[in-house]
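So the sequences go chain by chain: A and B.
The numbering of the first sequence is our numbering, which starts it at 566 and goes up by one.
The numbering of the second sequence is our numbering, which starts it at 78 and goes up by one.
Even glycine gets a Cβ: it sits at the ideal position worked out from N, Cα and C.
Here the structure is a predicted model, which is why all the values come from computation and not from measurement.
Presented below is the structure to which this report refers.
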Amino acid sequence: MDMDMARDALVQESRELLSAMEAALLQIEDSGADSEAINAIFRAAHTIKGSAGLFAFNRIVSFTHIVESVLDRVRNGVLPIDNAMLSLLLNCGDYIAQLVDAIAARLEEVEPDPVRRAELEAQLNQLLDEQDTAPTHSAPAAAAVTHTAQEPTVSEDPVASPYWHLSLRFSADVLRMGLDPLSFLQYLGNVGTLLNLQTLPEGLPPLAQLDPEQAYIGFELDLQSEQDRAAIDGVFDFIRDDASILILPPHASMREYRALLAARNDPQMLAALLAQGTLTADEAARALLPEQETVEAVSVVAPVAAIEPAMKLPANAPRGDEKKGGYEQKFIKIEVSKLDQLIDLVGELVIAGAGASLIANRRKDSQFEEAVQSIAELVEHIRDAALNLRMVPIGEVFQRFPRVVRDISHELGKEIDLVVTGADTELDKSMVERLSDPLMHIVRNAMDHGIEATDARLAAGKPLAGTLRLNAYHESGSIVIEVSDDGRGLNKARILAKAIERGLVSAEQVLSEREVFRLIFEAGFSTAEQVTNLSGRGVGMDVVKKNIESLRGEVEIVSTEGAGTTVRIRLPLTLAIIDGFQVMVNESVFVIPLDLVIECIDLAGLDGHHDIVKLRGEPLPFIRLRELFELPALEHGRESLVVVQFGQQRAGLVVDRLLGEFQAVIKPLGELFSRIKSISGSTILGDGRVALILDVANLVHQAVQQQATTQNGKAATGLVSPQKSNG
Amino acid sequence: MAKTILIVDDSFSLRQTLGIALKGAGYDVVEAVDGKDALAKLDGRKFNLIISDVNMPNMDGISFVKAAKLLPAYKFTPIIMLTTEGDEAKKAEGRAAGVRAWVIKPFQPPVLLDAVSKLIMA
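Structure below.
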């Protein structure tokens, strides 16, 4: 086995366990101790210790060992899990993370933080000592707890089966090593009586691909034996390296069976256990559920007899109890570069497909066209599926925040509750990474400047604890992420005064509320009177805005003074391929993201003045792309209006011809074009020509601004009506 | 039909002791004095299991196993190697050649019989 790969796997696994541990600790802090959460923490420490031990990473082993000892006492109710304990354990988690980082950096020989280690060890040992020096003060209860902990199989939710259970899987090469699984089964007869043997053809390929020299099957069997574990285990001495052998004792706990199912991760496995009678129907049903799952869920599974339900449900089985962070990775891991390569290829496929369909159209060969059409449909599905591979729940970003909010609120001496919603909203993986920092900044800002100090809140008649909300949802081809607080809100006058002082606007300018709030994103703008180490360093919101814009997104602020502020980030769902709508101005083709197109209308039929047209009684600002891009006018002069919407605002784009839908593979524009506001990228058409993709967000802003100046210029005309609302 | 086992060892006394034990357990036994002799004896016959020493003159046990594994008829044949305590380098070499079963010398015959019965069906 490749040691580097094994090491990477260890690092990865440890990090996942640490974040599970952190989540469980925060859950306890939030909603009180529950045994499942405590078990999860214990398991995390235990597993990290075990894996590190395989590699002889002794720094981790010795430290996690102490942590584990403390956790063991917590689990047994001997030590209380109070705030001090939670903080200590969180710190231990952080320190273990440092050790894991050191392993990742191949620096496991170096102590990353000796001071911290000494402090933590002292605290942990103190807890252990205290407990040791006062051994019998609450004799009966404590003794009982400790006793049962030593024999977990007797006390914890045992299964009915009185037999040993053996789960055997063999490596494909086992036969070539001169090892015949059957002879080991036969030998098992020497230590006990084989009962209930099930053969699992889990990896059995179709006959054509079957290599008769390889082993594909696994066994689940029950063994009636008076021997001890060592004797049963000893049977497999020779085959241990070429097989995975898991042995559960008689009356093993449900937890052990769940762990077994999770380890095997085989959909047929539970059915096999059920069929051979190792587990009863009820036990099998419970094995499918995380331990604290609701009764409702049990009742769905339990009444259905025998094998059927198990065959349907095992997809859930491996989730067992180890990982239930909702979006924890229990999938295969793929290098991102491989995905990117796939998406690139799909992009090329889309372009090539468009080329083929163009030729098919010219040939006027209906069979050819039909064939190309069905290929195009498949390509579209492939495109969607490929893009979907990169979609991850935004929860990946959100999950950092409970800890962040906890730590910062302690630091600030404010009480702040975090409410996260929409964590399963998906977005492109590449955005997740780049979203993390801006979000962190916004959250810190909200906690630092938004939410008031406790006394100010009381004075304002607000609840003592401030609330910070993280929310995400999809809206017409975009993902919207909101960070809202119920703090003091933005002070328009103060922002304006500051902006004038900084020379960002002149004193005479009349600005709408939206425009005033937008000033916050100007470089160098910071209203914090008190500069803390969290925010208010003058770099910040402008960087946030830049980051978001580099993702083709937009950020806006909605705020009510005294009641709170919402920062709303709107991002496209993907950065790679979009459904586009092609339009033509003069001889140039432009692409508008289809999701943003509301409707297309013949401009000639509309009643309009200057840059505003009246559409169904509502004023709609519009931009003539021909004027914008300074293209020569055409003679025929029949123009169309494409109505686009970004966020809550609409505008019209006037074009010469509508060409229809088209899949656009986005190619970034070079540095040279980075200052061109109205263009967000380019794409290649089926015939090889380049088309520019319009930056609709920017165009809509331009149009709306134009409308505002036009309105300021003249008195309100009949065209002006109150802000329309639309959804 | 009784299973046939090939014993490869340069020590006569060991071959003899093993032969007695294995025959007593119902196996047929063929003996070879070193790797070269053993390779010659593989030809035209089918052994169900091979027990081989590591250190032997002419051809050592590891080379013999490597050569035997190349023969189609012996691709899947279980092999037990007899080794001395602490000979980790040889053991690693043997592992690479596909040996999984090791019995450490000196051993009591029941230990070896036990190992044999794990590897082949009665």
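In chain order, what residues of the same chain have a beta carbon less than 6 angstroms from the beta carbon of D86 of chain B, not counting five sequence neighbours either side?
The residue given as residue 86 of chain B occupies position 9 in the second sequence. Closer than 6 angstroms at the Cβ level, and outside the excluded window around D86 of chain B, lie R92, D130.
Between the CA atoms of N641 of chain A and D972 of chain A - distance to the nearest angstrom
What you label residue 972 of chain A is simply residue 407 of the first sequence in a count that begins at 1. What you label residue 641 of chain A is simply residue 76 of the first sequence in a count that begins at 1. Roughly 28 angstroms between the two C-alpha positions.
Element boundaries [alpha helix (DSSP H), containing N1010 of chain A]:
For the purposes of this step, residue 1010 of chain A is identified with residue 445 of the first sequence, where counting begins at 1. N1010 of chain A -> alpha helix (DSSP H) spans 994–1010.
For E581 of chain A, tell me which candidate among A:A662, A:T1032, A:A1088, A:R1009 has the shortest Cα-Cα distance.
Here residue 581 of chain A refers to the residue found at position 16 when the first sequence is read from its first residue. Of A:A662, A:T1032, A:A1088, A:R1009, the smallest CA-CA separation from E581 of chain A is found for A:A662.
Taking all protein chains shown into account, do 16 or more other C-beta atoms lie within 10 angstroms of the C-beta of M78 of chain B, making it buried, or fewer, making it exposed?
For the purposes of this step, residue 78 of chain B is taken as residue 1 along the second sequence, with counting starting at 1. Classification for M78 of chain B: exposed.
Interfacial residues, the segment 743–761 of chain A to chain B, with Cβ spacing under 8 angstroms
Cβ contacts with chain B come from G743, L744, D745, L747, S748, F749, Q751, Y752, N755.
Could you tell me the boundaries of the beta strand (DSSP E) in which P549 of chain A lies?
What the structure shows of chain A is the stretch from 566 to 1292, and residue 549 of chain A is not part of that stretch, so it cannot be assessed.
With DSSP collapsed to three states, give me the class of G50 of chain B.
With chain B covering 78 to 199 only, the question about residue 50 of chain B has no answer from this structure.
How would you list, in chain order, the residues of chain B whose beta-carbon sits under 7 angstroms from the beta-carbon of L740 of chain A?
Looking up residue 740 of chain A in the first sequence gives position 175. The CB of L740 of chain A comes closer than 7 angstroms to the CB of F153 in chain B, given here in chain order.
How far does the beta strand (DSSP E) with A1037 of chain A in it reach, from first residue to last?
Taking the first sequence and counting its residues from 1, the one referred to as residue 1037 of chain A is at position 472. Element bounds for A1037 of chain A: 1031–1040.
Indicate whether at least one CB of chain B lies closer than 7 angstroms to the CB of F803 of chain A.
For the purposes of this step, residue 803 of chain A is identified with residue 238 of the first sequence, where counting begins at 1. Under the Cβ criterion of 7 angstroms, F803 of chain A is counted among the residues facing chain B.
Just confirm the distance between the C-beta atoms of D764 of chain A and F784 of chain A, as a whole number of angstroms; I'd bet it's less than 8 angstroms.
Within the first sequence, numbered from 1, the residue matching residue 764 of chain A stands at position 199. Within the first sequence, numbered from 1, the residue matching residue 784 of chain A stands at position 219. One point to set straight first is that residue 764 of chain A is Thr, not Asp, in the sequence displayed. About 6 angstroms; that satisfies the 8 angstroms criterion.
Just list the residues that DSSP pairs H730 of chain A with in beta bridges.
Locating residue 730 of chain A in the first sequence gives position 165, where the first residue counts as 1. In the DSSP output, where bridge partners are listed per residue, H730 of chain A has A:D787, A:L813.
Going straight from the alpha carbon of P1003 of chain A to that of S939 of chain A, what length do you get?
Along the first sequence, one-based indexing puts residue 1003 of chain A at 438. Along the first sequence, one-based indexing puts residue 939 of chain A at 374. When rounded, the distance between both Cα atoms is 43 angstroms.
Residues of chain B with a CB under 9 angstroms from the CB of D806 of chain A: which are they?
By one-based count along the first sequence, residue 806 of chain A stands at place 241. Here the neighbours are R172, R177.
State the Cα-Cα distance for the pair E900 of chain A and A669 of chain A, rounded to the nearest angstrom.
In the first sequence, counting from the first residue as 1, residue 900 of chain A sits at position 335. In the first sequence, counting from the first residue as 1, residue 669 of chain A sits at position 104. Those two C-alpha atoms are separated by around 17 angstroms.
Nearest-angstrom Cα distance between V626 of chain A and Q779 of chain A?
For the purposes of this step, residue 626 of chain A is taken as residue 61 along the first sequence, with counting starting at 1. For the purposes of this step, residue 779 of chain A is taken as residue 214 along the first sequence, with counting starting at 1. Cα to Cα, the separation comes out at about 37 angstroms.
I want to see whether chain A comes within less than 7 angstroms of M133 of chain B, judged by CB atoms only; does it?
Taking the second sequence and counting its residues from 1, the one referred to as residue 133 of chain B is at position 56. Not closer than 7 angstroms to any Cβ of chain A, the Cβ of M133 of chain B fails to qualify, so no.
Where does H1006 of chain A land, buried or exposed, given buried means 16+ other C-beta within 10 angstroms?
Residue numbering aside, residue 1006 of chain A sits at position 441 when the first sequence is read from its first letter. It counts as buried.
For R1117 of chain A and T990 of chain A, the rounded distance between their alpha carbons
Position 425 of the first sequence, counted from the first residue, corresponds to residue 990 of chain A. Position 552 of the first sequence, counted from the first residue, corresponds to residue 1117 of chain A. Their Cα atoms are separated by approximately 18 angstroms.
Test: A988 of chain A CB closer than 7 angstroms to a CB of chain B
Mapped onto the first sequence, residue 988 of chain A falls at position 423. No, A988 of chain A does not count as interfacial toward chain B.
Using only alpha-carbon positions, find the residue among A:E998, A:A936, A:N953 that is nearest to Y963 of chain A.
By 1-based counting over the first sequence, the position of residue 963 of chain A is 398. First, the residue type needs correcting, since residue 963 of chain A is Phe and not Tyr in the sequence shown. For the residues A:E998, A:A936, A:N953, the minimum Cα distance to F963 of chain A belongs to A:E998.
Residue nearest to A1062 of chain A in terms of C-alpha spacing, selected from A:V1045, A:D745, A:L1084
As a working note, residue 1062 of chain A is residue 497 in the first sequence. Comparing Cα positions, the closest option is A:L1084.
Are L535 of chain A and R955 of chain A close, meaning C-beta to C-beta below 7 angstroms?
With chain A covering 566 to 1292 only, the question about residue 535 of chain A has no answer from this structure.
Tell me the residue span of the beta strand (DSSP E) that contains D1020 of chain A.
Against the first sequence, residue 1020 of chain A aligns to sequence position 455. Element bounds for D1020 of chain A: not the beta strand (DSSP E) but the alpha helix (DSSP H), 1019–1024.
Could you work out which residue in A:A817, A:V1261, A:F1211 is closest to I1241 of chain A when comparing CA atoms only?
Here residue 1241 of chain A corresponds to residue number 676 of the first sequence, with the count starting at 1. Here the closest residue by C-alpha is A:V1261.
Give the residues of chain B in contact with V800 of chain A, contact being defined as C-beta atoms less than 9 angstroms apart.
Within the first sequence, numbered from 1, the residue matching residue 800 of chain A stands at position 235. Simply K195.
DSSP three-state assignment for S1245 of chain A, whether helix, strand or coil
Position 680 of the first sequence, counting from 1, holds the residue named residue 1245 of chain A. Here S1245 of chain A sits in strand by DSSP.
Going along chain A, which residues have a C-beta under 9 angstroms from M78 of chain B?
The residue given as residue 78 of chain B occupies position 1 in the second sequence. Against chain A, a Cβ distance below 9 angstroms from M78 of chain B picks out nothing, because the smallest value is about 16 angstroms.
Could you check whether the Cβ of M136 of chain B sits closer than 7 angstroms to any Cβ belonging to chain A?
For the purposes of this step, residue 136 of chain B is taken as the residue at position 59 of the second sequence. M136 of chain B has a beta carbon lying at 7 angstroms or more from every beta carbon in chain A.
Once the 5 residues before and after R794 of chain A are set aside, which same chain residues still bring their CB inside 7 angstroms of it?
Residue mapping note: residue 794 of chain A aligns to position 229 of the first sequence, counting from 1. Within the same chain, R794 of chain A has close Cβ partners I812, P814.
Does the distance from the C-beta atom of M834 of chain A to that of D722 of chain A stay below 7 angstroms?
For the purposes of this step, residue 834 of chain A is taken as residue 269 along the first sequence, with counting starting at 1. For the purposes of this step, residue 722 of chain A is taken as residue 157 along the first sequence, with counting starting at 1. No; because the gap between Cβ atoms is not below 7 angstroms, this pair is not in contact.
Check whether the segment 1206–1215 of chain A touches the segment 1146–1164 of chain A, taking contact to mean three or more Cβ pairs, one atom from each stretch, closer than 8 angstroms.
By the Cβ rule, the segment 1206–1215 of chain A counts as touching the segment 1146–1164 of chain A, because three or more pairs are nearer than 8 angstroms.
Per DSSP, which one or two residues make a beta bridge with E108 of chain B?
Your numbering for residue 108 of chain B matches position 31 in the second sequence. Paired residue(s): B:I84.
Tell me where the alpha helix (DSSP H) around N648 of chain A begins and ends.
Taking the first sequence and counting its residues from 1, one reaches residue 648 of chain A at position 83. In the DSSP assignment, N648 of chain A falls within the unbroken alpha helix (DSSP H) covering 648–669.
I want to verify the contact list: residues of chain A whose CB lies under 7 angstroms from the CB of A199 of chain B, in sequence order.
Indexing the second sequence from 1 puts residue 199 of chain B at position 122. Correct list: Q751.
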